[in-house]
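Top to bottom, those sequences are chains C and G.
Okay, so the first sequence: first residue is -17 according to my numbering, each after it adds one.
Okay, so the second sequence: first residue is 7 according to my numbering, each after it adds one.
Where is the CB? At the ideal position from N, CA and C, for every residue including glycine.
Structure first, commentary second.
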Amino acid sequence: MARECSSKVCPPFWLELVEASDGGFGNGSAVGVSLSFGIHFPYKEVMLRILIIEDDVEASAYLAKGLKELGHVADQAGDGEVGLEMALASAYDVLIVDRMLPKRDGLSVIEELRKAENQTAVLILSALGQVDDRVTGLKAGGDDYLPKPYAFTELLARVEALARRPKVGGDIETSYQIGDLSLDRLAHSCRRGETDIPLQPREFRLLEYLMQHAGQVVTRTMLLENVWEYHFDPQTNVIDVHISRLRGKIDKDFDKPLLHTIRGAGYSIRDTTD
Amino acid sequence: MTRLTRILRTTAFKLLLLYTAVFSGLSGFLLIYISRNTTDLMSSQIVQTVDAEIAGLSDEYLRGGVRGLVSSIERRARRPDASLYLLVDFAGNSIVGNISRLPTIVLDEADGDVRRMKYDRLESGGEVQREALVRIFELRGGFRLLVGRDLGEQLRFSAILSGALRFWLTAVVVMAGATWLFVSRRVMKRIDGIAATSQTIMHGDLSRRLPVAGNGDEFDRLATNLNDMLERIELLMQGMKNVTDNIAHDLKTPLTRMRTRVETALRASSGNTAIEYCEALEATIEDSDNLIRIFDALLRIARVEAMSPEAGMEPFDLKAVIEEMADLYGPLVEDEGGRLTFEVEGPAEVIGSRDLIAQVIVNLIENALKYGRPEEGAPVISIRAALKNERIVLSVRDNGPGIAGDDVERVTGRFVRLDASRSAPGYGLGLSLVQAIARLHGGTLRLQDAAPGLGVDIDLLPSGQKAVETG
């Protein structure tokens, strides 16, 4: 992945982390060798309750540790039966479900949950990763799908996006506002301050998705999947080009950048003065 | 295994054994059948002759009494043939006849039945024991008359037949043995040759080929087929070796770089700031991401190759996919100073996986950007879809240097990177994936010189009747 981020536009978030932790890495501080790969996600105050249903103990513990370091609550279940019980017993924001599980496989866990009218967001993890696997996973009631091996940042971005997605049946916002940038979905218009910004349909979709997930990190794969609705693997920085065009329209002529590049992860739209 | 047991275990030997048994059994049966029937026939003829003689002699007896009978027997007994006569009185004393001695009990059962017996016959050289078929009658006055016929002829015939049978069986066995020796020596020689060569091949010399005698026999056909198979195996092995070499090379480089970086960061521990550590770690992650990407790409190719053609195949609008890909990649191509155009003729509804076809288009666009740039001037990439021979041909063309004829075959192989593009980023897996996807969709991948540039064509199946009607 190409990095178009220059440290002037967006200081790497681990810098904030290092400054905050008031010490080096060698003294065993809480930062340590961060599992989030030195990336601190914004809006840390949103604490999520996450259940990891995964039979690989090491992978599960690693994931839980990473999530806990970011201030989330992460419970673990080692098989499908226990996982289903735990998911039904308490309210989680997101379930991370491995497809292949002992006792009850991941898809059947999700199906049981949905039968019980439980609408908790589910991220499916799978080592299979084929095109039709994604389809079967989503058909079974999963909300998102991530093939193994995954980058922790990718998983985190997807978990946070799932946790903050509009509730089923809830009202979908008709307009978004970040700082002085506003997007009106009904009028299909975009304004920053007093300036009208004309956007191509695809740019509009891109900005809309970013603003839906304002404050969160959105990865390039998430953009490809949700804005272009394709699931493939580009080898080039094709998404970055679109982002930089969008940035040229919404950020270039204004003092304060809103669209940030998160190194090693993706992009985030947010007002840093919040 | 000794040579003998090896010979005994050959199919030739077993077959020979079987055929010898069947053949000698059949011919033996035939000979025995003939001899049995012939003897029966001869016996019945003898009985008939004897009956005729008896009828004649009875007439003599009726007409001339004992005296007439005796003279008639004397006359007949002198004839040098196989007929036997003996007339005895009530006390068993021989009156006339050509039998010198016979077991006395024979004459006691004068019931007129045909019976077989041994007797001594007077011949020029003295008494000779012979066998005969005889009938014995009791005449009035206590006389008993024996009329018979010698079996010597019949016995000689049987002896000849059984001699022939023995000779025949010996001949069969000897011939069989000779044939077997010839066949097995010849066959064993060929098979030993093949076995020896395959031993060498098994020990690793895949370049060896089985000997072909050139006479077009079954061993030649077998050897030719096996040689073709070896050819294919050698090619595959070569391909695999190349892939392994390339994997080793492509993975070793980033791994070594990663290791060096971590080592350097560790060694300079005292002077390092946290930022430098983080940078080293981030670069390490990037390297490992690259490694994962190579494995992902390999796995994806393997999965596409293993997918069944039905799975996940649906009709979709190729035109929309091309438009969206052009929309996605257009800005990138423009940023590189080039142009991306597309053109779709007629309806382009195809059957397949939308994501995989999108991946194909993306790989081809990315390839064109990486390797298909003209030496001067702007790169122009054009995507086209058109109906041709009931297939929808998806083609992507660039205006770059193209691929030389020799390399066209090679370039779809895994990790194959042409020398001219070694320095460009990439792993040499893009076209392998495109080819695998094309095959999954029942199509072929064709690379050709588009003068200038490279043209890549892929056939896709149009969906339903709509496309066929317009075609």
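Which listed residue (G:Glu355, G:Arg192, G:Ile207 and G:Ala61) has its alpha carbon closest to that of G:Ala219: G:Arg192
Contacting residues, own chain, Cβ-Cβ under 7 Å from G:Asp465 (five flanking each side not counted): Arg397, Val399, Gly449 and Thr450
Only counting the same chain, and skipping five residues up and downstream in sequence, which positions put a Cβ closer than 8 Å to that of G:Thr45? Beyond the five residues adjoining it in sequence on each side, G:Thr45 comes within less than 8 Å, by CB distance, of Gln160, Phe163 and Ser164 in the same chain, given in chain order.
In its own chain, which residues sit with a C-beta less than 8 Å from the C-beta of G:Val76, not counting the 5 before and 5 after it? Leu93, Ile101 and Val102
What is the DSSP secondary structure of C:Asp37, reduced to helix, strand or coil? C:Asp37 sits in coil when the DSSP states are folded into three classes, being neither helix nor strand.
How about G:Asp293: is its C-beta nearer than 7 Å to some C-beta of chain C? no
Is there a C-beta anywhere in chain G that falls below 7 Å from the one on C:Val199? no
Please go through the same chain and pick out, in chain order, the residues whose beta-carbon is closer than 6 Å to the beta-carbon of C:Met(-17), but skip the five residues on each side of it. Note on C:Met(-17): pLDDT 38, under 50, position unreliable in the model; the coordinate value appears next. Once the five neighbours on either side are set aside, C:Met(-17) has no close Cβ partner at all.
Does DSSP put C:Pro129 in a helix, in a strand, or in coil? strand
Whole angstroms are fine: how far does the CA of C:His54 sit from the CA of C:Ala12? Note on C:Ala12: pLDDT 33, under 50, position unreliable in the model; no value is reported.
Cβ of C:Leu77 within 7 Å of any chain G Cβ: no
Residue of G:Arg238, G:Leu152, G:Leu10 and G:Glu66 minimising C-alpha distance to G:Leu187: G:Leu10
Between the segment 142 to 149 of chain G and the segment 221 to 237 of chain C, do at least 3 Cβ pairs fall closer than 8 Å? Counting Cβ pairs under 8 Å, fewer than three are found: no touch.
Report buried or exposed for C:Gln217, applying the criterion of at least 16 other Cβ atoms within 10 angstroms of its Cβ. buried
For the alpha helix (DSSP H) that C:Leu165 lies in, which residues bound it at each end? Element bounds for C:Leu165: not the alpha helix (DSSP H) but the beta strand (DSSP E), Leu163 to Asp166.
What number of angstroms, rounded off, separates the C-alpha of C:Gly257 from the C-alpha of C:Lys130? Nothing can be reported for residue 257 of chain C, as the shown portion of chain C is limited to -17 through 256.
Between which two residues does the beta strand (DSSP E) containing G:Pro321 stretch? Glu320 to Asp323
Does DSSP classify G:Leu147 as helix, strand or coil? A small fix is needed here, since residue 147 of chain G is Gly in this sequence, not Leu. Under the three-state reduction of DSSP output, G:Gly147 falls in the helix class.
Partners in chain C for G:Asp341, counting only beta-carbon separations shorter than 8 Å: Among the residues of chain C, those whose CB is under 8 Å from the CB of G:Asp341 are Val223, following chain order.
Please confirm whether C:His170 has its beta-carbon closer than 7 Å to some beta-carbon of chain G. no
Looking at the secondary structure, which residues open and close the beta strand (DSSP E) in which G:Ala391 lies? Val386 to Lys394
Select from G:Val120, G:Glu320, G:Ser190 and G:Gly436 the residue whose C-alpha is nearest the C-alpha of C:Asp215. The shortest Cα separation from C:Asp215 among G:Val120, G:Glu320, G:Ser190 and G:Gly436 belongs to G:Gly436.
Per DSSP, G:Arg85 forms a beta bridge with which residues? G:Arg85 is not bridged to any residue.
Range of the contiguous beta strand (DSSP E) that encloses C:Tyr74: Unbroken run through C:Tyr74: none, as it is neither H nor E.
Does the beta-carbon of C:Ile106 have 16 or more other beta-carbons within 10 angstroms, so that it is buried, or is it exposed? It counts as buried.
Is it a yes or a no for the segment 437 to 445 of chain G touching the segment 294 to 313 of chain G, going by three-plus beta-carbon pairs under 8 Å? yes
Considering just the uninterrupted stretch of the beta strand (DSSP E) at G:Phe96, what are its terminal residues? That residue, G:Phe96, is in no beta strand (DSSP E); it is neither H nor E in DSSP.
For C:Leu144, which residues of its own chain have a beta-carbon under 7 Å away from its beta-carbon, when the five flanking residues on both sides are left out? Val76, Ala103, Leu105, Asp125 and Asp126
Determine the DSSP secondary structure at G:Lys154, reduced to helix, strand or coil. One point to set straight first is that residue 154 of chain G is Gly, not Lys, in the sequence displayed. The answer is strand: DSSP assigns G:Gly154 an E or B state.
Could you check the C-alpha separation between C:His195 and C:Arg184 for me, to the nearest Å? 17 Å
Along the segment 322 to 353 of chain G, what residues have a CB closer than 7 Å to any CB found in chain C? So the close ones are Glu330, Asp333, Leu334, Tyr335, Pro337, Leu338 and Asp341.
CA-CA distance, G:Gly434 and G:Leu287? 27 Å
Does DSSP put G:Met208 in a helix, a strand or coil? helix
Taking 7 Å as the threshold (beta carbon to beta carbon), is G:Gly477 in contact with chain C? Here the model assigns G:Gly477 a pLDDT of 33, short of 50, so the residue's position is not dependable and the matter cannot be decided.
Does C:Tyr158 get closer than 7 Å to chain G when you measure Cβ to Cβ? Cβ-Cβ to chain G under 7 Å: no for C:Tyr158.
Could you have a look at G:Met123 and say whether DSSP puts it in helix, strand or coil? Residue state, collapsed to three classes: strand.
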